[in-house]
Amino acid sequence: MANNEDKGKWFLPLFGVMVVVTIGIAIFIGIYVPGDAVTKLKLSIGYGALVLVFLFGFAILAAIASDKINISELLEEESGGASTSRFQLVIFTFVIGLSFVLIVATSGKFPDLPTNVLALLGISASTYGVSKGIQAGAKNGDGTGTQGTNTQAGGAGAGDANKPK
Amino acid sequence: MKSLVTLASSGAVVLFGGFFALVFWKLFNGSISLDGMLEGDVRDQNGSDGSGFSSSPSAGRTQMLLVTLFVAMWYLLQVIHNPREFPKLPDAMVGALAGSQAMYLGGKAKSMLVGQLRDWLK
């Protein structure tokens, strides 16, 4: 595991390579693709931006796959144990995100968002936020900030050192 | 420019699909742990480990998980059937989801805050 000083340093040379590749593609289009100057400029910027964003996303994916970016605690509370409120937020974010990509890829335009889809996301995110608020409130209510606080029969894990699990 | 749009769509599908696949793979192989997802901790001064808590299965968590999975699957199926626009969710379904999550939060607040009050009154 990399220490704090080394965190993220792997990305800098990679980012340099991405920028060089992007500029190379833009120059290639500018020289070899037929058309007037404005068309070449549009194509260079369009393809350059697309390649840069794709490489950036791909580098993130590769880093997650190789555990350079660690997402093993994506669903965990700070004290351990999976959190249902985090899990439902992840599920709804994935569902709406995947739907968005599918709809844009199929229709080729930016879709309108129905209000009840926004409500769905709002409910999901609010549940997570309120859940964290309850945990923080209970923690503060103990006075010490270190005493066990997570006492829910229906709730997610709370963040403190003495909590079981 | 049409090929640029096609490439952008394909790139987005690859990146989003890859991210979803990675997260689900890590869920399945246990890298992202789901241990204790359906267990709630209950204040228990006689807990065996001396921490003041004991774990027990939580109905609040279970019902919220089931409702969440049902709504998410229903929504995904609607999108797959008609991937040209965001499907509208029935108000009843949004209400059921809100009720489920309110029940979860209510149970959590009750057990955390009422437990504190009870300890304070002792």
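Residue numbers (my numbering), protein chains in the order written: chain A, 1 to 165; chain B, 1001 to 1122.
A virtual CB, placed ideally from N, CA and C, is assigned to each residue, including glycine.
Pairwise C-alpha distance: residue j and residue i
| i | j | result |
| --- | --- | --- |
| A/Phe92 | B/Val1071 | 9 Å |
| A/Val90 | A/Ser124 | 9 Å |
| A/Ala63 | A/Ile69 | 5 Å |
| B/Gln1063 | B/Arg1084 | 32 Å |
| A/Pro114 | A/Thr106 | 18 Å |
| A/Glu77 | B/Ser1055 | 15 Å |
| A/Gly143 | A/Leu75 | Any reading at A/Gly143 must be qualified, since the residue scores a pLDDT of 46, below 50, and its modelled position is unreliable; no value is offered. |
| B/Ala1008 | A/Ile45 | 13 Å |
| B/Pro1087 | B/Met1073 | 13 Å |
| A/Val20 | A/Ala65 | 24 Å |
| A/Ile25 | A/Val53 | 13 Å |
| A/Ala37 | A/Ser99 | 38 Å |
| B/Leu1038 | B/Ser1058 | 6 Å |
| B/Gly1060 | B/Met1112 | 14 Å |
| A/Gly30 | A/Phe110 | 29 Å |
| A/Phe94 | A/Gly122 | 14 Å |
| A/Gly133 | B/Ala1109 | 10 Å |
| B/Leu1105 | A/Glu73 | 22 Å |
| B/Lys1018 | A/Lys9 | Here the sequence assigns Gly to residue 1018 of chain B, which means Lys is not the residue at that position. Computed Cα separation, rounded: 24 Å. |
| A/Ile27 | A/Ser85 | 48 Å |
| B/Thr1068 | B/Val1094 | 11 Å |
| A/Ala119 | B/Gly1040 | 27 Å |
Closer than 7 Å at the beta carbon, the chain B residues around residue i
| i | result |
| --- | --- |
| A/Pro111 | Glu1085, Phe1086 |
| A/Phe15 | Here the premise fails: no neighbours, minimum Cβ distance about 17 Å. |
| A/Ala65 | Leu1022 |
| A/Gly108 | Val1005 |
Neighbouring residues, chain B, relative to residue i (Cβ below 9 Å)
| i | result |
| --- | --- |
| A/Ser44 | Those do not exist, as A/Ser44 stays about 11 Å from chain B at its closest Cβ, beyond 9 Å. |
| A/Tyr47 | Leu1004, Leu1007 |
is_contact[residue i, chain B] using C-beta, thresh 8 Å
| i | result |
| --- | --- |
| A/Trp10 | no |
| A/Thr144 | Because the pLDDT at A/Thr144 is just 46, under 50, the model does not fix this residue reliably, and the value given afterwards should be weighed accordingly. Output row for A/Thr144: interface = no. |
| A/Gly24 | no |
| A/Ile123 | yes |
| A/Ala59 | no |
| A/Ile134 | yes |
| A/Ser72 | yes |
| A/Val38 | no |
| A/Ile91 | yes |
| A/Ala105 | yes |
| A/Pro114 | yes |
| A/Gly129 | no |
| A/Ala119 | yes |
| A/Leu50 | yes |
| A/Phe28 | no |
Residue-level contact to chain A via CB, residue i, 8 Å cutoff
| i | result |
| --- | --- |
| B/Phe1016 | yes |
| B/Ala1096 | no |
| B/Ala1092 | no |
| B/Leu1089 | yes |
Partners in chain A for residue i, counting only beta-carbon separations shorter than 9 Å
| i | result |
| --- | --- |
| B/Phe1020 | Phe94, Gly97, Leu98 |
| B/Leu1034 | Leu75, Ala82, Phe87 |
Contact list for residue i against chain A, beta-carbon separation under 7 Å
| i | result |
| --- | --- |
| B/Ala1109 | Ile134 |
| B/Leu1066 | Near B/Leu1066 there are no residues of chain A at all, since even the closest Cβ is about 11 Å away, more than 7 Å. |
Residue i: contacting residues in chain A (beta-carbon distance under 8 Å)
| i | result |
| --- | --- |
| B/Leu1076 | Val95, Leu98, Ser99 |
Amino acids of chain B, ordered along the chain, whose beta-carbon sits closer than 8 Å to that of residue i
| i | result |
| --- | --- |
| A/Leu41 | Going along chain B, no residue has its Cβ under 8 Å from A/Leu41, so there is no contact; the nearest lies around 13 Å. |
Check your understanding: Which runs of the alpha helix (DSSP H) fall wholly inside the stretch 25 to 74 of chain A and span at least 4 residues, in chain order?
Key -> 37 to 65
Practice item. Determine, using beta-carbon pairs with one atom in the stretch 1074 to 1092 of chain B and one in the stretch 41 to 57 of chain A, whether at least three such pairs fall under 8 Å. Key: no
Review point. Is the number of C-beta pairs between the stretch 1029 to 1036 of chain B and the stretch 72 to 84 of chain A that are closer than 8 Å three or more?
Key: yes
Practice item. Indicate whether the contact test is met: 3 or more Cβ pairs, each with one atom in the stretch 1007 to 1021 of chain B and one in the stretch 92 to 104 of chain A, closer than 8 Å. Key: yes
Exercise for review: Please go through the stretch 1053 to 1111 of chain B and give each complete alpha helix (DSSP H) segment of 4 or more residues, from N-terminal end onward.
Suggested key: 1059 to 1081, 1091 to 1109
Check your understanding: Considering only residues of the stretch 1002 to 1039 of chain B, which uninterrupted alpha helix (DSSP H) runs meet the minimum length of 4 residues and lie entirely inside it, listed in chain order?
Key -> 1002 to 1028
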